[in-house]
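Trainee: Each residue of the sequence shown is one higher than the one before, counting from 33 in my numbering. For glycine and all other residues, C-beta sits at the position ideal for the given N, C-alpha and C. A quick note: this is a predicted structure, and the numbers were derived from the prediction, not measured.
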Amino acid sequence: DVTSQSDSDDLVRIHDLCSTLSRHSPDCFGFLDSGQHRFMVYAAHGSLQDNLAPVTLETLLNKSGSLTRRKRYYLALVLASSYLQLGSTPWLRSRLRRDNILFLHDPTDMESIPIERPYIRRELSETSNVPASEVMSSLAALQWSKTASEEAGPDFAEAISWCLNAKDAQEGAWRKELWTHVIVPLDSCHRQVSSKPV
């Protein structure tokens, strides 16, 4: 819904859409401001879940036993495929990080978190400064990647290595390289563990 400024003066400006949508609100959540227009955000249906905050990828990864190897491969494949589709669009200007990839609870089962539907949290006015914690995370990822082949196999190790070491490719080339070096190996990993009984 698009509205004029006078209609939305008493509403709250939304800075984090995922968190806002996870909280209960009467009729209207607030508005998104594009500079020229304000877009009103309403609930799709009348009943929202009570204060169910989105779960970050970081939380899922740190929760012991929450993701089996099969689920981790599947999630890696979903995220890489999403990046392939959105990587050159305005929707994905920032880097994917474990704290900005979110999952919403399944409305029919509050204990369930559908990993096949990740969301990306993005501030509307992000800066390009890279915090020291991201640098340390990158160093830890490089160190871990050295043992990935033994733990998860050569296909998974190839995908990790390409993601960590890939240089900026030309506009058309990066999609093909991402497909070849990340999507195909991750799909192979997922197929291998999916064909085995649980």
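#1: Measuring straight from C-alpha to C-alpha, what distance separates L210 and L107?
#2: Under 6 Å Cβ to Cβ from L244, same chain only, skipping five residues before and after it: list those, please.
#3: Taking the beta strand (DSSP E) that I133 falls in, what are its first and last residues?
#4: Taking only three categories from DSSP, how would you classify D141?
#5: Sort out for me which residues DSSP pairs Y151 with in a bridge.
#6: Let me check understanding here. Comparing Cα to Cα, which of D141, S226, W194 lies closest to T212?
#7: When you compare only the Cα positions, how much space is there between E182 and I145?
#8: Determine the direct distance from the alpha carbon of F71 to that of P217, and round the result to whole angstroms.
#9: Since V225 is in the alpha helix (DSSP H), which residue starts that stretch and which ends it?
#10: Can you give me the C-alpha to C-alpha distance between I192 and R101, rounded to a whole angstrom?
#11: Is it buried or exposed for E143, if we count other Cβ within 10 angstroms and need 16 for buried?
#12: Given a cut-off of 9 Å, decide if L84 and H137 are closer than it, judged by their beta-carbon atoms.
#13: Is it right to say A112 is buried, meaning 16 or more other beta carbons lie within 10 angstroms of its own, or is it exposed?
#14: Quick one, which of H222, D187, S114, P139 has its alpha-carbon nearest Y151's?
#15: Do K95 and I147 count as a contact pair if the criterion is CB distance below 9 Å?
#16: Residues bridged to D65 by DSSP?
#17: Are the beta-carbon atoms of L109 and C221 separated by less than 9 Å?
#18: Which same chain residues end up closer than 7 Å to R153 when comparing Cβ atoms and leaving out the 5 residues on each side of it in sequence?
#19: Once you ignore the five residues that flank E190 on each side, which residues in its own chain have a CB closer than 6 Å to its CB?
#20: If we ignore side chains and look at the alpha-carbon of each, how far apart do G185 and P86 end up?
Mentor: From the atom records:
#1: Rounded to the nearest angstrom, the two C-alpha atoms are 16 Å apart.
#2: Residue numbering for the chain in the displayed model covers 33 to 230; residue 244 lies beyond these limits and cannot be assessed.
#3: Unbroken beta strand (DSSP E) run through I133: 133-135.
#4: Note: D141 maps to strand in three-state DSSP.
#5: BP columns for Y151 point to L134.
#6: Looking from the CA of T212, the closest CA among D141, S226, W194 belongs to W194.
#7: Looking at the backbone, the Cα of E182 and that of I145 are separated by about 29 Å.
#8: Spanning the two alpha carbons is a distance of roughly 41 Å.
#9: 216-226 is the extent of the alpha helix (DSSP H) around V225.
#10: Distance between I192 and R101, taken at the CA atoms: about 15 Å.
#11: When all chains shown are included, E143 counts as exposed.
#12: Against a cut-off of 9 Å, the Cβ pair of L84 and H137 comes out as a contact.
#13: Buried: at least 16 other Cβ atoms inside 10 Å.
#14: Taking each of H222, D187, S114, P139 in turn and checking the Cα distance to Y151, the smallest one comes out for S114.
#15: No, the pair does not count as a contact, with Cβ atoms beyond the cut-off.
#16: The partner list for D65 (beta bridge, DSSP) reads R70.
#17: Between L109 and C221, the CB-CB gap stays under 9 Å.
#18: The residues are D48, C50, N132, L134.
#19: Around E190: P217.
#20: Going by the C-alpha atoms only, they are around 31 Å apart.
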